[in-house]
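In short: position in the sequence shown from 1, add 104, done, that's the numbering used here.
Backbone N, C-alpha and C define an ideal beta-carbon position, used for all residues, glycine too.
In what follows, a single structure is set out as structure tokens and then discussed.
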Amino acid sequence: MTSYTAGRRYIEPHPSPFDVSRLARAAGFTLLLVFLAATFMSVDIDITRLITGLPKVAGWFGQMFPPDFSEIDRILRDAFQTLAMATVGTVLALVVAGALAPLAARNTTPHPVVYRAVRAVFSLLRGTEILVFALIFVAAVGFGPFTGVLAIAFNMTGALGKLLTEVIEPADPGPIEAIKLTGAGPVKTFRYALLPDVFPNIVAVILYIWEFNVRASTVLGIVGAGGIGQTLKDSIDLLDFPKLLTVLGVILIMVVAIDTLSGWLRRMVLSPESARARPLPVARRVEQA
């Protein structure tokens, strides 16, 4: 050791207690604690009432057996109507969101004003709860499954548009730049460069939204939007617990089946094996077009 370093030791620097970043973190943490405390106080948590109410729920559960299958054919028709509402609503939302999503992605939008305007529309539709849309359309077009379709379509246009833009924006810019060098316009650039790159993720997003809509549709009937939710509400209103158990069983089976099918399709689309069938190079696809 040289004479310059002999007898010297490292001293850990101590940040100032008035450091701006430390004060900001402390203030943020304090605000978070205050917010959490305020939320717990506002919801009026009462464990005593929960303990008192549990025996009542247990009594209802006992009254559900045996389940009532006398109207199983009607319940199954209502379940299919719920599935149909979710499917048609998802398709309508996909048509609108698919057309608007390229305008709301930074790498495909024609102008920043268009980008912000379409993003605002997506946020408005996504921020309005699906049950609120259902109540609005019940007043506008009356009761029935068409109301449920409209509620799903409007709400999911915002949600699906948001997810599609998040799929489009991280796309690899290399193929896009390559196809632009061939003189291709925006439509061919999107069709032959961007879409093949993001298509598997788009399919996965669509399947996820469809799966979510099936679950959401089961409660839309509570506000008169058709489907098995209306049967569920009627059973609860009449305290018909055996029929309620049958309805809940059908809903559970349907939701689990749709979740399983959707998950399997997503894995199939996103699996590495699907990459074996590689698309044609960008330039050749443009020439053949």
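Within the region 260 to 306, the alpha helix (DSSP H) runs of at least 4 residues that lie entirely inside it are, in chain order, 277 to 285 and 290 to 293.
With a cutoff of 9 Å on beta-carbon distance, I313 and M260 are scored as near each other.
Following the DSSP letters along the chain, one finds I326 in no alpha helix (DSSP H), marked with neither H nor E. Taking a C-beta distance under 9 Å as the contact criterion, G252 and T350 do not qualify as a contact pair. With distances taken between CA atoms, I272 lies nearest to L299 out of G262, V199, L299 and V354. Taking 9 Å as the cut-off, the beta carbon of A329 is found no closer than this to the beta carbon of G265. L343 is not a Cβ neighbour of G325, given a cutoff of 9 Å. Taking 9 Å as the cut-off, the beta carbon of T194 is found closer than this to the beta carbon of I256.
Taking 9 Å as the cut-off, the Cβ atoms of L229 and F258 count as close. Taking 9 Å as the cut-off, the Cβ atoms of T269 and A205 count as close.
Rounded to whole angstroms, the separation of the alpha carbons of G353 and I179 is 10 Å. Separation of the CB atoms of I283 and V318 is rounded to 38 Å, and the pair is thereby denied contact status at 8 Å.
Sorting Q334, V323, I355 and A308 by C-alpha distance to the C-alpha of M372 places A308 at the top.
Going by beta carbons, L348 and M168 fall inside the 9 Å limit. Taking the Cβ atoms as the reference, S366 lies roughly 5 Å from L311, within the contact range of under 8 Å. In this structure D341 is exposed. Its beta-carbon is surrounded by fewer than 16 other beta-carbon atoms within 10 angstroms. Looking only at R223, P274, I176 and A320, the smallest Cα-Cα distance to I234 is reached by A320.
Between V192 and V327, the C-beta gap is not smaller than 9 Å, which leaves the two residues out of contact. Take the alpha-carbon of L154 and the one of E175: they are about 34 Å apart.
Going by beta carbons, G262 and V225 fall inside the 9 Å limit.
With respect to I332, D182 sits close: the two C-beta atoms are nearer than 9 Å. Around the C-beta of P216, fewer than 16 other C-beta atoms lie within 10 Å, and the residue is accordingly described as exposed.
Between V359 and T322, the C-beta spacing is below 9 Å.
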